[in-house]
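Undergrad:
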Amino acid sequence: MDRFAETEGKRAHDPLYSPRRAARATATGFPVGEHGEVLAGPVIVGAGPAGLAVAACLTMWGIPYVLLERHGGIASLWRHRTYRRLRLHLPKRYCELPLMPFPPSYPAYPTREQFLAYLEDYIATFGIRPFFCQAVVSAEHDGDFWCVRAVDGGSGGVTRVYRSKWLVVATGENAEPVVPDIDGINAFRGLVMHSSDYCSGEGYRGKKVLVVGCGNSGMEVSLDLSNHNVHTSMVVRDSVHVLPREIMGFSTFGLSMWLLMCLSVQTVDQVLLLLTQLVLGDTSRLGIPRPSIGPMEQKKVSGKTPVLDVGTIAKIKSGDIKVFPAIQSFQQHGVQFIDGKTESFDVVILATGYKSNVPYWLKEKDFFSEKNGFPRNSNEWKGKNGLYAAGFSRRGLFGVSMDATNIADDIVRCWNDFGYERHKRK
Ligand SMILES: Cc1cc2nc3c(=O)[nH]c(=O)nc-3n(C[C@H](O)[C@H](O)[C@H](O)COP(=O)(O)OP(=O)(O)OC[C@H]3O[C@@H](n4cnc5c(N)ncnc54)[C@H](O)[C@@H]3O)c2cc1C
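With full-length UniProt numbering, letter number 410 in the sequence shown gets 410, and the count goes up by one each step, no holes.
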């Protein structure tokens with residue numbers, strides 16, 4: 001009778017509420033009501049590669065979960081915010097998600113479309129059914145459970161509440177584009193866009209385009225523009241390590257991993273820089289100075305990943321892509337650089353990176369830094385009170401897989417302990 005009254009009470013507040021649906025939520029990722037039913041398994045926020053990998057590992061252990069995604073489909077970064085020419089930067093064996101290799105027919109560096117097809121296969125294989133259009137707006141621990149609030153874009157903005165012993169944060173290192181505030185940018189009459197909105201150079205033929213930033217995105221967008229006969233320029237503000245994607249037919253990443261097994265970081269850096277000099281030449285003569293420490297040491301110290309060249313350096317050498325120093329200010333029809341030169345442009349593409357959005361919604365300060373939304377210790381994947389970080393180790397998809405496996409194993413251990421406790425109490 002009590003149970004009946006409780007159900008009726010909940011229905012009065014939420015006509016969609018049904019106890020059956022609430023129970024199904026724990027097993028399938030279907031929506032729960034607005035009242036915060038406690039879920040049996042973890043809540044995973046973000047259905048990118050990291051969230052999907054955690055879900056797949058939990059599925060293999062028979063642990064139910066709820067996977068919340070703000071967009072209407074999986075892997076929104078790859079689907080909506082990457083350019084058409086994109087291929088995985090690293091060889092496919094370093095980008096596989098747990099439990100499912102890439103198809104043997106895939107090339108060494110799968111295309112964006114192939115990666116997306118692989119992810120669709122992945123969710124079909126493991127029966128992963130994320131709950132879409134659920135933008136998580138807050139999550140906090142109430143002493144017993146994580147209380148996760150999500151705005152349900154599918155039903156007119158209703159806020160749903162999910163409560164669980166475990167919270168897996170898988171919203172990504174690249175959740176929001178970073179748009180710098182450069183002097184005079186609002187006065188510029190041309191088009192300004194972030195690289196996350198760039199698809200292809202097709203629409204820019206004959207135009208003068210400035211790409212701001214020389215990370216992997218900036219370098220590849222510049223190459224794509226130049227390949228489409230666009231007058232392309234690129235801003236290189238800071239020093240950066242550019243390495244060839246392959247050295248003598250071996251992937252530079254694979255080679256570094258192999259060398260690091262038997263040599264010190266400093267020695268590996270010396271070898272990489274020597275080989276890079278042979279393949280690419282001196283990049284500082286092209287306006288791309290190298291940092292004072294080597295690429296692997298820089299990665300270790302600051303988490304900054306070296307850029308892997310797929311042809312941009314050759315285009316710079318041939319003069320097809322011009323390199324400029326940092327921007328001093330924007331003008332109505334162009335840009336003034338810090339060396340005093342000015343140049344006119346029709347379009348500016350800000351390849352200025354991304355940031356985590358964790359500080360905007362997670363009410364927790366011990367494990368995640370409020371400053372950058374990453375775990376304070378870059379190799380940490382486990383916080384207190386059942387909090388986990390999947391995909392924040394700055395090691396790309398390779399790190400995503402390792403985090404997912406560790407997190408699922410840890411939840412399985414707790415799950416089994418609870419089962420044992422429950423069994424003892426009976
Ligand atoms: C252009 C580009 C190229 C890259 N190429 C490579 C590569 O070749 N190899 C490699 O290893 N890595 C690459 N990366 C890094 C890439 O970020 C990771 O490989 C991978 O996408 C990380 O997966 P993730 O699930 O952690 O994050 P994401 O892919 O960013 O997925 C996070 C998901 O969380 C969702 N989300 C965010 N906030 C919320 C919220 N509040 N509520 C609900 N859902 C939310 C997002 O919509 C998204 O679907 C690249 C990145 C970029 C930008």
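Glycine residues also receive a C-beta, built at the ideal position from the N, C-alpha and C atoms.
The structure presented is a predicted model; accordingly, all values stated were derived computationally and were not measured.
If you measure from the CB of PHE398, is any heavy atom of ligand 1 nearer than 7 Å?
TA: Within the cutoff, so yes.
Undergrad: So ALA175 and ALA390 are supposed to be a Cβ contact under 8 Å. How far apart are they, rounded?
TA: Actually they are not in contact, since the Cβ atoms of ALA175 and ALA390 sit about 13 Å apart, beyond 8 Å.
Undergrad: Measure the CB-CB distance between MET234 and CYS214 and report whether it falls below 8 Å.
TA: Contact flag set, yes.
Undergrad: Mind reading off the beta-carbon distance from ASP137 to ALA150? Whole number of angstroms is fine, and I expect it under 8 Å.
TA: Reading off the sequence, residue 137 comes out as Val, not Asp. VAL137 to ALA150, Cβ: 7 Å. Contact.
Undergrad: I want to know whether the stretch 200-220 touches the stretch 347-367 - three or more CB-CB distances under 8 Å.
TA: The answer is yes - the stretch 347-367 touches the stretch 200-220, with three or more Cβ pairs under 8 Å.
Undergrad: Does the beta-carbon of HIS241 have 16 or more other beta-carbons within 10 angstroms, so that it is buried, or is it exposed?
TA: Classification of HIS241: buried, given that the 10 Å Cβ count is 16 or more.
Undergrad: Would you kindly check if the distance between the Cβ of ASP309 and the Cβ of LEU280 is under 8 Å?
TA: In this structure, ASP309 lies closer than 8 Å to LEU280 by Cβ.
Undergrad: Given 7 Å as the limit, tell me if ARG84 has its C-beta closer than that to any heavy atom belonging to ligand 1.
TA: Because no heavy atom of ligand 1 lies under 7 Å away, the Cβ of ARG84 does not count as near it: no.
Undergrad: Given this structure, state the Cα-to-Cα distance separating VAL168 from LEU210, to the nearest angstrom.
TA: One C-alpha to the other measures close to 39 Å.
Undergrad: TYR106: beta carbon under 7 Å from a heavy atom of ligand 1?
TA: No; taking the cut-off as 7 Å, the Cβ of TYR106 has no heavy atom of ligand 1 nearer than that.
Undergrad: Are at least three pairs of beta-carbons, each pair with one atom in the stretch 288-302 and one in the stretch 157-165, less than 8 Å apart?
TA: Touching, no, given that fewer than three Cβ pairs across the two stretches are closer than 8 Å.
Undergrad: Please list the terminal residues of the continuous alpha helix (DSSP H) segment that includes GLY51.
TA: That run of the alpha helix (DSSP H) goes 49-60.
Undergrad: With MET248 as the anchor, note down where its beta strand (DSSP E) starts and where it stops.
TA: Where MET248 is concerned, there is no enclosing beta strand (DSSP E), given that its DSSP letter is neither H nor E.
Undergrad: So, at 6 Å on beta carbons, what are the nonlocal neighbours of ARG87 in its own chain, with the 5 sequence-adjacent residues on each side left out?
TA: Once the five neighbours on either side are set aside, the close Cβ partners of ARG87 are TYR109 and THR111.
Undergrad: Does ILE338 pass the burial test, meaning 16 or more other C-beta atoms within 10 Å, or should it be called exposed?
TA: Result: exposed.
Undergrad: Taking all protein chains shown into account, do 16 or more other C-beta atoms lie within 10 angstroms of the C-beta of THR342, making it buried, or fewer, making it exposed?
TA: By the neighbour-count rule (16 or more Cβ atoms within 10 Å), THR342 is not buried but exposed.
Undergrad: Which residues in the same chain as PHE345 place their Cβ atom closer than 7 Å to its Cβ, once the five residues preceding and following it in sequence are excluded?
TA: Excluding sequence neighbours, PHE345 sits near GLY190, LYS208, VAL209, LEU210, GLY334 and VAL335.
Undergrad: Taking LYS315 as part of the alpha helix (DSSP H), name the residues at either end of that continuous run.
TA: From DSSP, the alpha helix (DSSP H) with LYS315 extends over 312-317.
Undergrad: Can you check the stretch 60-112 for any alpha helix (DSSP H) of at least 4 residues that lies completely inside it and give the ranges in chain order?
TA: Listed in chain order, they are 76-80.
Undergrad: Since LEU39 and VAL66 should fall inside the 8 Å C-beta cutoff, what is the C-beta to C-beta distance between them, to a whole number of angstroms?
TA: About 6 Å; that satisfies the 8 Å criterion.
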